[in-house]
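Colleague:
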Amino acid sequence: MKDVIAKVRGYFFTLKCQLTRKNILIGSGLKLYCKLEIEGPGKVSIGNDCIVSKVGGDNRHYVTIYTRDPAAEVSIGNNARLFAARISSKFEIKIGDDLLMEESGIMDT
Numbered sequence: 074m075k076d077v078i079a080k081v082r083g084y085f086f087t088l089k090c091q092l093t094r095k096n097i098l099i100g101s102g103l104k105l106y107c108k109l110e111i112e113g114p115g116k117v118s119i120g121n122d123c124i125v126s127k128v129g130g131d132n133r134h135y136v137t138i139y140t141r142d143p144a145a146e147v148s149i150g151n152n153a154r155l156f157a158a159r160i161s162s163k164f165e166i167k168i169g170d171d172l173l174m175e176e177s178g179i180m181d182t
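Mind the numbering: the sequence shown is residues 74 to 182 in my numbering, read in order.
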């Protein structure tokens, strides 16, 4: 049941981004098990079949992606698994396919 809810949440989050945030591109199959916060004026792209989740046992941790500049870009590949990850970019961050990132941060400033 959790998988179905995560798929539905991912679908509606993707739809919301398509309608309101033209600088965000999300591939198909996104599963949201927790909050995904995307802020800033830069571009964000997330590949197909990605999973966004919290760390087990801690409801305070969720995934954030921040762009600090209009020219900033964050690109996440296909099949990425983000667990309580923090990503912040002023310039450019590229993350490849088949990534597992748990309770850590990436910054390029």
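Backbone N, C-alpha and C define an ideal beta-carbon position, used for all residues, glycine too.
What number of angstroms, rounded off, separates the C-alpha of Leu172 from the C-alpha of Asp181?
Modeller: Along the sequence shown, read from residue 1 onward, the residue named residue 172 stands at position 99. Along the sequence shown, read from residue 1 onward, the residue named residue 181 stands at position 108. When rounded, the distance between both Cα atoms is 18 Å.
Colleague: Could you check the C-alpha separation between Thr93 and Ser161 for me, to the nearest Å?
Modeller: The residue labelled residue 93 in the question sits at position 20 within the sequence shown. The residue labelled residue 161 in the question sits at position 88 within the sequence shown. When rounded, the distance between both Cα atoms is 21 Å.
Colleague: Can you tell which of Val136, Cys107, Lys167 and Gly102 has its C-alpha closest to the C-alpha of Asn152?
Modeller: Your numbering for residue 152 matches position 79 in the sequence shown. Considering only alpha carbons, the answer is Gly102.
Colleague: Please check the pair Asn96 and Gly120, which I expect to be a contact at CB under 8 Å, by giving their CB distance rounded to whole angstroms.
Modeller: Residue mapping note: residue 96 aligns to position 23 of the sequence shown, counting from 1. Residue mapping note: residue 120 aligns to position 47 of the sequence shown, counting from 1. Asn96 to Gly120, Cβ: 16 Å. No contact.
Colleague: Just the C-alpha distance for Val147 and Ala79, rounded to the nearest angstrom, thanks.
Modeller: Within the sequence shown, the letter at position 74 stands for residue 147. Within the sequence shown, the letter at position 6 stands for residue 79. Their Cα atoms are separated by approximately 23 Å.
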